[in-house]
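Heads up: the sequence shown at position 105 corresponds to 129 in the working numbering, and the numbers run straight through without jumps. Glycine is no exception: its CB is placed at the ideal position from the N, C-alpha and C atoms.
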Amino acid sequence: MEEFKRQLLEFIEDRDEPFTVKFLVERCLQPVGESLVQNALAELEGEGLVIWLGGGEWISTKAVLKRALKPSMEVIMPKSLIAQIISTAIKRPDLEYTSITEFIKDAVKNFINKHGKWS
């Protein structure tokens, strides 16, 4: 079950739109029953990785967070951290960022991708 959950999460975590159990069953490469998918989703929900929307629809927590961050990528940070970011950007021209905003935006996105659970 753990391997199936891992593969299922890998498939759904970057989906921007809600999905149903039927949708997932139809897209599995191997035949699986709806009950297996439903049980895996219930466990992922318990782990905080997916959200039950009702009406038979689910969405990954990562997709919800990406939606929340997309309209307003505004992050409040201490001045000392901003100074460190600017210093890093200046010391590392090989990173080829033309603005601090893009550097921070990419750092947040990389954090989300690396730590999908928001631990």
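Under 8 Å between C-beta atoms of residue i and residue j
{"i": "Ala113", "j": "Phe135", "result": "no"}
{"i": "Leu73", "j": "Thr85", "result": "yes"}
{"i": "Glu67", "j": "Ile75", "result": "no"}
{"i": "Leu48", "j": "Val61", "result": "yes"}
{"i": "Ile32", "j": "Ala64", "result": "This sequence places Leu at residue 32; Ile is not what is there. Contact: yes."}
Outcome for residue i when other beta-carbon atoms lying within 10 angstroms are tallied against a minimum of 16
{"i": "Ile83", "result": "buried"}
{"i": "Val132", "result": "exposed"}
Cβ separation of residue i and residue j, assumed to be a contact under 8 Å, to the nearest whole Å
{"i": "Glu170", "j": "Phe43", "result": "Past the boundaries of the shown model lies residue 170; the chain is included only from 25 to 143, so the question cannot be answered."}
{"i": "Arg30", "j": "Ala87", "result": "About 17 Å separates the two Cβ atoms, so there is no contact after all."}
Range of the contiguous beta strand (DSSP E) that encloses residue i
{"i": "Gly78", "result": "74 to 78"}
Limits of the unbroken alpha helix (DSSP H) element including residue i
{"i": "Ser59", "result": "58 to 70"}
{"i": "Glu81", "result": "Careful: Glu81 lies outside any alpha helix (DSSP H), inside the beta strand (DSSP E) at 81 to 84."}
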